[in-house]
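Report on the following structure.
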Amino acid sequence: MEEVKKMISELATQIRDDMRESNKQLLNEWNTQLKEELKTIREELKQTRDQLQEQNQEIRDKYEEWPRAKEEMGKRVGEVESQLDRMEREKRRNKVVMMGLEIETGEQKQIIGKVTKFLEEKVKVLRE
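Here it is as structure tokens:
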């Protein structure tokens, strides 16, 4: 009976030792898997952080560029408005010049009409 108890005790010790060893191996495997997953997660987080920083920089660049672009567009609009004003003044000047030419042309037509009438009368007189 003593021998059986001793054998059972040894068997129980052996089972305990085997279980401990098996548990250690399982824990090591899990630990290794968790470390690999953690490494993968860290790499993904680093990539995501880099992408977000890049997007953030692009947004900052655009935000900083906007006032300059707005100012430049304002200058361009001012230049175009100025050019339109000059064109409008020139159009008015040309209109005045054209009106003056029309008046001159009208006067010349009247003069030509009077000269033609005078010459026609002279031709009549000469024919008679």
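For what it's worth, our numbering labels the leading residue of the sequence shown as 68, then goes sequentially. Yeah, the Cβ is synthetic: ideal placement off N, Cα and C, and Gly gets one too.
Mind checking which residues open and close the alpha helix (DSSP H) that includes residue i?
{"i": "methionine 86", "result": "69-194"}
Report all residues from its chain with a CB closer than 8 Å to the CB of residue i; omit the five preceding and five following residues, and keep chain order.
{"i": "isoleucine 82", "result": "none"}
{"i": "arginine 87", "result": "none"}
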